[in-house]
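*Asks:* In terms of our numbering, the sequence shown opens at residue 17 and continues consecutively. Dumping the structure here so I can ask a few things about it.
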Amino acid sequence: MTPARPPRRTPDKSRTGLLLPLLLSLAACTSVPLPPWPAPGGTPKAPPVAAPAPSAAPAAIAQPVPVRPGMVIAPPAAEAPYSAAVAARFPAPSIIYNTPGLQEGRSSFTSNAEIQTWLRDLTAEASRSPGLKAAVLPMGQSQRGEALEALVLTRAAGADAAALAASGRPTVLLIGQQHGDEPAGSEALLVIARELTQGLLRPMLERINVIIVPRANPDGAAVGQRVTAGGLDMNRDHLLLNTPEAQALARLTRDYRPTVVVDAHEYTVVGRFLQKFGAIQKYDALLQYATTANVPEFVTKAAEEWFRRPLLTALRTQGLSAEWYYTTSTDLADKKVSMGGTQPDTGRNVNGLKNTVSLLIETRGVGIGRLHLQRRVHTHVSAISSVLASTAQRAGDLGQLKPYVEKELSTMACKEEAVVEAGPTLGQQELIMLDPVTGGDRAIRVEWNSALTLRKLKTRVRPCGYWLSAGSKTAVERLRLHGVQVLRVAEPGSMLGDIYRETSRAAGARQDVRGAIADAGQIVRTEVALVRGVVDAPTGSYYVPLNQPLSNLVIAALEPDTQSSYFANQLIDSLDNVARVMSEPALRAEDLP
17 MTPARPPRRT PDKSRTGLLL PLLLSLAACT SVPLPPWPAP GGTPKAPPVA APAPSAAPAA
77 IAQPVPVRPG MVIAPPAAEA PYSAAVAARF PAPSIIYNTP GLQEGRSSFT SNAEIQTWLR
137 DLTAEASRSP GLKAAVLPMG QSQRGEALEA LVLTRAAGAD AAALAASGRP TVLLIGQQHG
197 DEPAGSEALL VIARELTQGL LRPMLERINV IIVPRANPDG AAVGQRVTAG GLDMNRDHLL
257 LNTPEAQALA RLTRDYRPTV VVDAHEYTVV GRFLQKFGAI QKYDALLQYA TTANVPEFVT
317 KAAEEWFRRP LLTALRTQGL SAEWYYTTST DLADKKVSMG GTQPDTGRNV NGLKNTVSLL
377 IETRGVGIGR LHLQRRVHTH VSAISSVLAS TAQRAGDLGQ LKPYVEKELS TMACKEEAVV
437 EAGPTLGQQE LIMLDPVTGG DRAIRVEWNS ALTLRKLKTR VRPCGYWLSA GSKTAVERLR
497 LHGVQVLRVA EPGSMLGDIY RETSRAAGAR QDVRGAIADA GQIVRTEVAL VRGVVDAPTG
557 SYYVPLNQPL SNLVIAALEP DTQSSYFANQ LIDSLDNVAR VMSEPALRAE DLP
């Protein structure tokens with residue numbers, strides 16, 4: 017079968033009658049402005065004023081392939097893990113998307129080689145368009161040697177990080193298939209890439225830059241497994257950076273500094289939900305933004321009011337249903353349902369600590385193969401198009417938001433409180449699921465762990481920075497991969513600090529709301545007391561100041577008594593190798609090369 021490649025075409029307004037428009041006129045979407053932003057000295061000032069929205073939002077949908085007699089859109093109903101009545105609740109969209117993995121009669125998803133060809137064809141096509149820059153960016157290699165690649169699309173002077181920064185436009189990073197058994201996001205990002213390059217989304221590039229990683233876990237995708245080739249869940253590795261795949265994404269965000277990040281996933285439809293509750297998952301999309309300790313308040317407000325609310329409107333316009341993201345553990349006796357976790361380890365939460373608007377979009381897909389695949393891709397295309405449109409509309413606001421937040425964070429060192437560890441709030445929630453036989457709605461009351469209101473489990477005064485021993489090279493390397501400034505002590509000195517004294521220790525395993533994290537290994541669970549004293553800083557040791565934009569990420573990594581910390585996960589092998597610095601040190605230190 018000949019691979020489906022992105023066709024070269026010129027948008028033809030006469031063909032828009034074939035489309036089911038998304039109607040993402042953002043001026044009509046409900047959006048509550050942020051409260052007045054505090055000015056230096058505490059005097060309120062007016063919030064940033066949004067730039068005028070385009071007079072007509074671009075039709076945010078891919079050019080369809082017309083439905084032809086005999087086209088195979090999904091497996092026969094007999095292959096579905098539920099009744100025909102349930103399947104009937106999810107009709108195919110009135111258009112058909114076209115990627116290699118979505119071709120008629122195809123039984124496999126787009127291969128890694130086909131993705132590489134797709135990106136290069138789009139780059140070649142973009143080169144024929146004046147002012148449009150497209151480049152395939154090598155990010156590294158997977159554990160099995162597969163190329164990790166991103167497509168950069170911009171109208172800046174070039175496709176390198178400096179050119180995108182100089183453009184003054186916000187950059188959106190779109191990431192697909194961190195979990196190899198969640199293919200719809202990857203297929204949808206190929207559609208989005210084509211439409212940005214030569215289709216209906218192309219006008220967005222007048223106001224934003226876009227970077228697309230269609231498949232972050234090619235090894236897992238090749239065999240249809242959630243984890244990487246090494247058996248690790250890479251979406252729990254974004255603070256530690258033990259996998260080359262997570263390291264590649266960290267370098268990309270460090271260099272290109274996106275303003276908005278979208279993580280495209282799929283969620284379990286039957287499985288443990290059917291076993292626990294006797295019901296089938298209903299929603300086309302589950303959504304959540306960063307919900308971990310110390311995400312700046314204004315970043316959270318922007319995620320909710322500028323992005324999630326318009327996104328809900330866009331999905332409703334398409335007849336698609338949505339809810340907050342939730343999951344449940346693999347323990348069948350545990351009937352609690354939890355929103356996405358509060359630990360600083362997922363891409364969603366770590367990118368929030370990098371002061372980006374970080375959004376998770378999950379479609380109903382795990383465990384149902386290719387069933388409803390066109391609808392799942394349509395859901396992702398609709399949701400991601402809404403995010404792109406919101407970014408274009410709010411480009412001016414976003415241009416002020418991140419510098420403001422980063423400046424505020426830099427002033428908080430040595431004095432403000434930081435949350436070292438937080439957890440969700442337990443309550444009750446009514447979820448709508450589907451009866452597995454009749455397909456009708458079934459309301460189920462559950463215990464609900466909400467990540468929207470965090471319980472503070474441990475708090476401490478922010479230090480001025482952290483001292484790390486000369487032997488802490490792995491920790492330093494990982495912090496610098498994130499973009500953290502780390503200084504090397506050039507002459508011996510001493511500092512006032514808090515030293516960690518261990519009061520208890522146990523071995524354990526990292527946990528998330530699903531249960532034990534795949535192949536995360538044993539961690540050191542420690543409790544500590546802080547002892548004030550003088551910290552000697554010999555030549556060659558390190559100082560990590562907290563008067564920098566990524567200070568909240570540094571706290572997540574270096575406070576030792578949490579399950580996500582570098583000490584707990586043995587990137588720092590002794591409490592003697594780290595200390596909190598409690599006054600501005602008078603050190604002679606230098607930036608690392």
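For each residue, glycine too, the CB sits at the ideal point set by N, CA and C.
Determine the extent of the beta strand (DSSP E) in which Gln-263 is found, giving its start and end residues.
*Replies:* Stepping through the sequence shown from its first residue, residue 263 is reached at position 247. Not the beta strand (DSSP E): Gln-263 falls in the alpha helix (DSSP H), residues 260 to 272.
*Asks:* Using a Cβ-Cβ cut-off of 7 angstroms (strictly less than) and excluding sequence neighbours within five positions of Pro-472, which residues of its own chain qualify?
*Replies:* Residue mapping note: residue 472 aligns to position 456 of the sequence shown, counting from 1. Looking at the sequence itself, residue 472 is Lys, so the reference to Pro does not match. For Lys-472, where only same-chain residues beyond five positions count, the Cβ hits under 7 angstroms are Val-435, Ala-438.
*Asks:* What is the DSSP secondary structure of Leu-167, counted as helix, strand or coil?
*Replies:* Numbered from 1 along the sequence shown, position 151 holds the residue referred to as residue 167. It is a strand residue.
*Asks:* Report yes if the C-beta of Glu-162 is less than 7 angstroms from at least one heavy atom of the ligand MG; otherwise report no.
*Replies:* With respect to small molecules bound, the structure shown includes none, and the ligand MG cannot be examined in it.
*Asks:* Can you confirm whether the stretch 193 to 205 touches the stretch 222 to 239 when touching is taken to mean that 3 or more C-beta pairs between the two stretches lie within less than 8 angstroms?
*Replies:* yes
*Asks:* Is it the case that the Cβ atoms of Val-614 and Val-597 are separated by a distance below 8 angstroms?
*Replies:* No information on residue 614 is available, as it lies outside the stretch 17 to 609 that the chain covers here.
*Asks:* Alpha carbons only, please: which of Gln-194, Arg-541, Gln-304, Thr-519 is nearest the one belonging to Gln-527?
*Replies:* Mapped onto the sequence shown, residue 527 falls at position 511. If we check each option's Cα against that of Gln-527, Arg-541 comes out closest.
*Asks:* Secondary structure at Ser-485, three-state DSSP: helix, strand or coil?
*Replies:* The residue labelled residue 485 in the question sits at position 469 within the sequence shown. Coil, per DSSP.
*Asks:* Can you give the beta carbon distance from Ala-573 to Leu-495, rounded, assuming they're within the 8 angstroms contact cut?
*Replies:* Numbered from 1 along the sequence shown, position 557 holds the residue referred to as residue 573. Numbered from 1 along the sequence shown, position 479 holds the residue referred to as residue 495. Between Ala-573 and Leu-495, the beta carbon gap of about 6 angstroms places them in contact (Cβ cut-off 8 angstroms).
*Asks:* On the three-pair Cβ rule with 8 angstroms, is the stretch 281 to 301 touching the stretch 327 to 347?
*Replies:* yes
*Asks:* With a threshold of 16 other CB atoms inside 10 Å of the CB of Glu-543, please say whether the residue is buried or exposed.
*Replies:* By 1-based counting over the sequence shown, the position of residue 543 is 527. The residue in question, Glu-543, is exposed, as its Cβ has fewer than 16 Cβ neighbours within 10 Å.
*Asks:* Beta-carbon within less than 8 angstroms of Leu-153's beta-carbon, same chain only, minus the 5 sequence neighbours each way: which residues are those?
*Replies:* Taking the first residue of the sequence shown as 1, we reach residue 153 at position 137. Correct list, in chain order: Glu-165, Ala-166, Leu-167, Val-168, Ala-175, Ile-227, Leu-268.
*Asks:* Please go through the same chain and pick out, in chain order, the residues whose beta-carbon is closer than 6 angstroms to the beta-carbon of Asn-225, but skip the five residues on each side of it.
*Replies:* Numbered from its first residue, the sequence shown carries residue 225 at position 209. Only Thr-170, Leu-180, Arg-185, Thr-187 meet the Cβ criterion.
*Asks:* How about Ile-515 and Gly-487: do their beta carbons lie closer than 8 angstroms?
*Replies:* For the purposes of this step, residue 515 is taken as residue 499 along the sequence shown, with counting starting at 1. For the purposes of this step, residue 487 is taken as residue 471 along the sequence shown, with counting starting at 1. Taking 8 angstroms as the Cβ cut-off, Ile-515 and Gly-487 do not qualify as a contacting pair.
*Asks:* Given Ser-337, which residues of its chain have a CB within under 8 angstroms of its CB, disregarding the five upstream and five downstream residues?
*Replies:* Counting from one through the sequence shown, the residue named residue 337 turns up at place 321. So the qualifying residues of the chain are Lys-298, Tyr-299, Asp-300, Ala-301, Leu-331.
*Asks:* By Cβ distance below 6 angstroms, which residues in the same chain neighbour Val-285 in space, the five residues on each side in sequence not counted?
*Replies:* By 1-based counting over the sequence shown, the position of residue 285 is 269. Around Val-285: Gln-297, Arg-380, Gly-383, Ile-384.
*Asks:* Give the straight-line distance between the Cα atoms of Arg-144 and Arg-210, rounded to the nearest whole angstrom.
*Replies:* Sequence index remark: in the sequence shown, residue 144 carries index 128 (1-based). Sequence index remark: in the sequence shown, residue 210 carries index 194 (1-based). The straight-line gap from Cα to Cα measures roughly 14 angstroms.
*Asks:* Quick one: grab the DSSP three-state call for Ile-296.
*Replies:* Walking along the sequence shown from the start, residue 296 turns up at place 280. In the structure shown, Ile-296 sits in a strand (DSSP, three-state: E or B).
*Asks:* Just to confirm before moving on: does the CB-CB distance between Gln-390 and Tyr-98 stay below 8 angstroms?
*Replies:* The sequence position of residue 390 within the sequence shown is 374, counting from 1. The sequence position of residue 98 within the sequence shown is 82, counting from 1. No, Cβ-Cβ distance for Gln-390 and Tyr-98 is not below 8 angstroms.
*Asks:* Quick check on Ala-605: does DSSP put it in helix, strand or coil?
*Replies:* In the sequence shown, residue 605 corresponds to position 589, counting from 1. If DSSP states are grouped into helix, strand and coil, Ala-605 belongs with the strands.
*Asks:* In chain order, what residues of the same chain lie with their CB nearer than 8 angstroms to the CB of Leu-348, ignoring the 5 residues before and after it?
*Replies:* Here residue 348 corresponds to residue number 332 of the sequence shown, with the count starting at 1. Hits under 8 angstroms: Arg-288, Gln-291, Lys-292.
*Asks:* Just to confirm, is the Cβ distance from Gln-470 to Ala-309 under 8 angstroms?
*Replies:* Locating residue 470 in the sequence shown gives position 454, where the first residue counts as 1. Locating residue 309 in the sequence shown gives position 293, where the first residue counts as 1. Note that residue 470 is Leu in the sequence shown, not Gln. Yes. Within cutoff.
*Asks:* Counting only the same chain and skipping the five closest in sequence on each side, list residues whose C-beta sits under 7 angstroms from that of Glu-422.
*Replies:* In the sequence shown, the residue the question calls residue 422 occupies position 406. Cβ within range, chain order: Asn-371, Pro-565.
*Asks:* Please report whether the beta-carbon of Gly-363 lies at a distance below 8 angstroms from any beta-carbon of chain C.
*Replies:* Note that chain C does not occur in the displayed structure, where there is just one protein chain.
*Asks:* Closest to Leu-248 by C-alpha separation, out of Ser-581, Ile-533, Ser-580, would be which residue?
*Replies:* Your numbering for residue 248 matches position 232 in the sequence shown. Here the closest residue by C-alpha is Ile-533.
*Asks:* Quick check: the Cα distance between Asp-413 and Val-403, rounded to an integer number of angstroms?
*Replies:* By 1-based counting over the sequence shown, the position of residue 413 is 397. By 1-based counting over the sequence shown, the position of residue 403 is 387. Computed Cα separation, rounded: 15 angstroms.
*Asks:* Mapping DSSP to helix, strand and coil, what is Asn-585?
*Replies:* Residue 585 sits at position 569 when you count from the first residue of the sequence shown. It is coil, neither helix nor strand.
*Asks:* How close, in whole Å, do the beta carbons of Ser-354 and Asn-251 come, if the pair is a contact with beta carbons under 8 angstroms?
*Replies:* As a first step, residue 354 is located in the sequence shown; it is residue number 338 there, counting from the start. As a first step, residue 251 is located in the sequence shown; it is residue number 235 there, counting from the start. The pair is not a contact, with the Cβ atoms about 16 angstroms apart (cut-off 8 angstroms).
*Asks:* In chain order, which continuous runs of the beta strand (DSSP E) of length 3 or greater are located wholly inside the stretch 336 to 423?
*Replies:* The stretch 336 to 423 is shown to contain whole beta strand (DSSP E) runs of 3 or more residues at 338 to 340, 353 to 355, 373 to 382, in chain order.
*Asks:* Tell me whether Asp-607 is buried or exposed, calling it buried when 16 or more other Cβ atoms sit within 10 Å of its Cβ.
*Replies:* Residue mapping note: residue 607 aligns to position 591 of the sequence shown, counting from 1. Exposed, because fewer than 16 other Cβ atoms sit within 10 Å of the Cβ of Asp-607.
*Asks:* Return the first residue and the last residue of the beta strand (DSSP E) that Glu-446 is part of.
*Replies:* Counting from one through the sequence shown, the residue named residue 446 turns up at place 430. Note, Glu-446: beta strand (DSSP E), 433 to 450.
*Asks:* Cα-Cα, which of Leu-387, Ser-374, Met-428 is closest to Thr-407?
*Replies:* Along the sequence shown, read from residue 1 onward, the residue named residue 407 stands at position 391. Nearest option by C-alpha distance: Ser-374.
*Asks:* Which of helix, strand or coil does DSSP assign to Glu-198?
*Replies:* Working through the sequence shown from its first residue, we reach residue 198 at position 182. Looking at Glu-198 - three-state DSSP - the assignment turns out to be coil, as it is neither helix nor strand.
*Asks:* Rounded to whole angstroms, what's the CA-CA distance from Glu-507 to Asp-552? Just pull it up for me.
*Replies:* Numbered from 1 along the sequence shown, position 491 holds the residue referred to as residue 507. Numbered from 1 along the sequence shown, position 536 holds the residue referred to as residue 552. Taking the straight line joining both Cα atoms gives about 11 angstroms.
*Asks:* Check for me: the alpha helix (DSSP H) holding Ile-571 runs from which residue to which?
*Replies:* Counting from one through the sequence shown, the residue named residue 571 turns up at place 555. Segment 567 to 574, the alpha helix (DSSP H) holding Ile-571.
*Asks:* Could you tell me if Val-397 is buried or exposed, where buried requires 16 or more neighbouring beta carbons within 10 angstroms of its beta carbon?
*Replies:* Residue numbering aside, residue 397 sits at position 381 when the sequence shown is read from its first letter. Buried, by the Cβ-count rule.
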